[in-house]
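Report on one structure; see the data block that follows.
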Amino acid sequence: MYRASDRVDNEAWIELLDEACRSLDLDDETRSTAVDLFLSRAPDDDRGKRVAAAASLYAAGLIRGEERSQSAVADAMDVSRLSVQKRWKPILEDAGFSPPSW
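As structure tokens, then:
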């Protein structure tokens, strides 16, 4: 869970997620899920927030059935594919989902 103030404190990152969702042609439910996942795990340090947002977006796509490749998400969020690859599974697990085994 997160506080309402977390949304205000992370507005720039939420805007970045919005832009990435538009560029990846993801629907509003996926965007909302990505924001919720991000805010639930947003690191305090700004350096890690872009990667956390990217991994949250990838996980949201899996949850909502709008999968995009790790590379596509990484490009949209301006991070490395490896950063997304290393961080999406714990986000899914923390949200109560079992990551796929592929």
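Note that the numbering used here has the sequence shown beginning at 7, numbered continuously upward.
Ideal Cβ positions, reconstructed from N, Cα and C, are used throughout, including at glycine.
{"query": "Measure the alpha-carbon distance for Leu88 versus Ser11 and round it to whole angstroms.", "result": "31 Å"}
{"query": "So, at 7 Å on beta carbons, what are the nonlocal neighbours of Arg70 in its own chain, with the 5 sequence-adjacent residues on each side left out?", "result": "Glu35, Thr36, Thr39"}
{"query": "Find out if the Cβ-Cβ distance for the pair Leu32, Glu72 is shorter than 8 Å.", "result": "yes"}
{"query": "Going along the chain, which residues of its own chain have a beta-carbon closer than 8 Å to the beta-carbon of Asp24, five neighbours each way excluded?", "result": "Arg37"}
{"query": "Throw me the rounded Cβ distance for the Ile20 and Arg9 pair, which I believe falls under 8 Å.", "result": "Not quite, the Cβ-Cβ distance comes to about 14 Å (not below 8 Å), so this is no contact."}
{"query": "When burial is assigned at 16 or more other CB atoms within 10 Å of the CB, is Arg53 buried or exposed?", "result": "exposed"}
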